[in-house]
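Enquirer: Sending over a structure as structure tokens; questions will come in a sec.
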Amino acid sequence: MTAYRFTVRRTAAVAAAATAAVLLAACGGGGDSPAAHAGHGTAAAPSASSAGRAWNAADVSFAKGMIPHHRQAVAMAGLAATRARSTEVRQLAARIEKAQGPEIRTLSGWLTAWGEDVPEGGATGGHAWHSAAGMMAAEEMDELEKSSGEAFDTAFLRMMVEHHEGAVAMAGTERSEGAHRPARDMAGDIVTSQSAEIRRMKALLGAN
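Take 7 as the starting number for the sequence shown in my numbering and just add one per residue.
Shown next as structure tokens:
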């Protein structure tokens, strides 16, 4: 009977030791990294996807500035369909409308998600954005609206070059200072596309 009890105790001890070894391997197999201890009382580091949803003041400023800026560009482009003489000017204006309309909705959605106010409508933006971001003053918009034919083409190209240059500057600030990855990506697209359009518009102005 004594030998039997000894055998039972030895078997139980071996089983306990094996169980402990398995548990230690599960907890210690990943080393001392934060990920190895996730679920064991230590919070895991933020994932790349969650970090990508962060935003800062530069992102808010970019969205609030670019919305009225895009609205004015769309308003300017909308005039070209009935006032422009050049087919290329009309085509350029149509591309601007097609690109910037959806971006306005995206920028507005970000501001709403961040608990920020979306800028009120209007081609002049309701702010002094024209002095810092290449936006046209109300008088310049009136001048463009009253012109037609070759005069419209020249005024439109001249104004839109200045307008695009302002957008590129704003987008450059967002790329260097923003934290919201989608906003920085949009800014990069703006720099690329509008820089190309600036070169084309300057070429058209030189040809007139």
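The beta carbon of each residue, even a glycine, is placed where N, CA and C say it ideally should be.
#1: Compare the Cα-Cα distances from Ala63 to each of Glu171, Glu151, Glu183 and Ala193 and report the closest residue.
#2: Would you kindly work out how many angstroms separate the C-alpha atoms of Lys104 and His170, rounded to a whole number?
#3: From which residue to which residue does the alpha helix (DSSP H) around His169 run?
#4: Measure from the alpha carbon of Gly172 to the alpha carbon of each residue in Ile204, Glu151 and Glu145, then state which is nearest.
#5: On the three-state DSSP scale, how would you describe Ala63?
#6: Could you spell out where the alpha helix (DSSP H) holding Glu151 opens and where it closes?
#7: Could you please give me the residues that DSSP links to Ala90 through a beta bridge?
#8: With distances taken from CA atoms, which of Ala202, Val66 and Glu149 is nearest Met165?
#9: Tell me which residue opens and which closes the alpha helix (DSSP H) that Gly123 is part of.
#10: Quick one: grab the DSSP three-state call for His75.
#11: Would you kindly work out how many angstroms separate the C-alpha atoms of Ala69 and His75, rounded to a whole number?
#12: Our contact map puts Gln106 next to Val80 with C-beta atoms below 8 Å; I'd like the distance itself, whole angstroms only.
Expert: Walking through what the data contain:
#1: Here residue 63 corresponds to residue number 57 of the sequence shown, with the count starting at 1. For Ala63, the nearest C-alpha among the options comes from Glu183.
#2: Position 98 of the sequence shown, counting from 1, holds the residue named residue 104. Position 164 of the sequence shown, counting from 1, holds the residue named residue 170. Cα atoms of Lys104 and His170: separation of roughly 15 Å, rounded to the nearest angstrom.
#3: Reading the sequence shown from its first residue, position 163 is the one you call residue 169. In this chain, the alpha helix (DSSP H) harbouring His169 covers Gly155 to Glu183.
#4: Looking up residue 172 in the sequence shown gives position 166. The residue with the shortest Cα to Cα distance from Gly172 is Ile204.
#5: As a first step, residue 63 must be located in the sequence shown, where it is residue number 57. Note: Ala63 maps to helix in three-state DSSP.
#6: As a working mapping, residue 151 is identified with position 145 in the sequence shown. Element bounds for Glu151: Ala144 to Lys152.
#7: Looking up residue 90 in the sequence shown gives position 84. Beta-bridge pairing links Ala90 to Gly155.
#8: For the purposes of this step, residue 165 is taken as the residue at position 159 of the sequence shown. Answer by Cα proximity: Glu149.
#9: Start at 1 with the first residue of the sequence shown, and residue 123 comes out as number 117. First, the residue type needs correcting, since residue 123 is Asp and not Gly in the sequence shown. It is not in any alpha helix (DSSP H) - Asp123 carries neither H nor E in the DSSP assignment.
#10: Walking along the sequence shown from the start, residue 75 turns up at place 69. DSSP places His75 in helix when its eight states are reduced to three.
#11: Reading the sequence shown from its first residue, position 63 is the one you call residue 69. Reading the sequence shown from its first residue, position 69 is the one you call residue 75. Rounded to the nearest angstrom, the two C-alpha atoms are 10 Å apart.
#12: Within the sequence shown, residue 106 is the residue found at index 100, counting from 1. Within the sequence shown, residue 80 is the residue found at index 74, counting from 1. Rounded to the nearest angstrom, the Cβ distance from Gln106 to Val80 is 5 Å, consistent with a contact under 8 Å.
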